[in-house]
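Enquirer: The structure that follows is given in the form of structure tokens.
Residue numbers (full-length UniProt numbering): 1 to 142.
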């Protein structure tokens, strides 16, 4: 069996969706999914379809523009469906697709983990910050 060149190995890794490879498209998806609004929208929709205004009320701090952009990105990635009901006024509902429903438990688990461990994270941050000099010009640690 001939030895593969580095370029051939990178090409095979790209084809296998290896997120550790710089050129892998899964990196873009991971960037998208790691956005705080994405996670909160997916977790919120895990409870069933919701209207834009319901999502905005549930997710404190998200602007209308950011929520709209987030929903469009999730729809483009096949995680959310947008259903328009022609009434007066027009009703628009957002729901998870089967792909989104597959991902929702992961996002809910991350949310639950963060809520459960926030006190420990805050304590670790405080301890770290207390041990670090405030002056950025101080010598680097070994």
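Beta carbons are placed, not taken as given, at the ideal position from N, Cα and C, and that holds for glycine.
Closest to residue 75 by CA distance: which of 33, 88, 110, 108 is it?
Expert: 33
Enquirer: If you draw a straight line from the alpha carbon of residue 107 to that of residue 61, how long is it in whole angstroms?
Expert: 19 Å
Enquirer: Under a Cβ-count criterion, where at least 16 other Cβ atoms within 10 Å of its own Cβ denotes burial, should residue 44 be classed as buried or exposed?
Expert: With at least 16 other beta carbons inside 10 angstroms of its own, residue 44 counts as buried.
Enquirer: Helix, strand or coil for residue 19 per DSSP?
Expert: The three-state secondary structure of residue 19, taken from DSSP, is coil.
Enquirer: Measuring only the C-alpha atoms, how far is residue 40 from residue 65?
Expert: 15 Å
Enquirer: Going by DSSP, what residue range makes up the beta strand (DSSP E) through residue 85?
Expert: For residue 85, the uninterrupted beta strand (DSSP E) segment begins and ends at 80-85.
Enquirer: For a test of the three-state rule: what should DSSP assign to residue 121, helix, strand or coil?
Expert: helix
Enquirer: Terminal residues of the continuous beta strand (DSSP E) containing residue 95?
Expert: 91-96
Enquirer: Let's see if you can read the secondary structure: which residues bound the alpha helix (DSSP H) around residue 41?
Expert: 36-45
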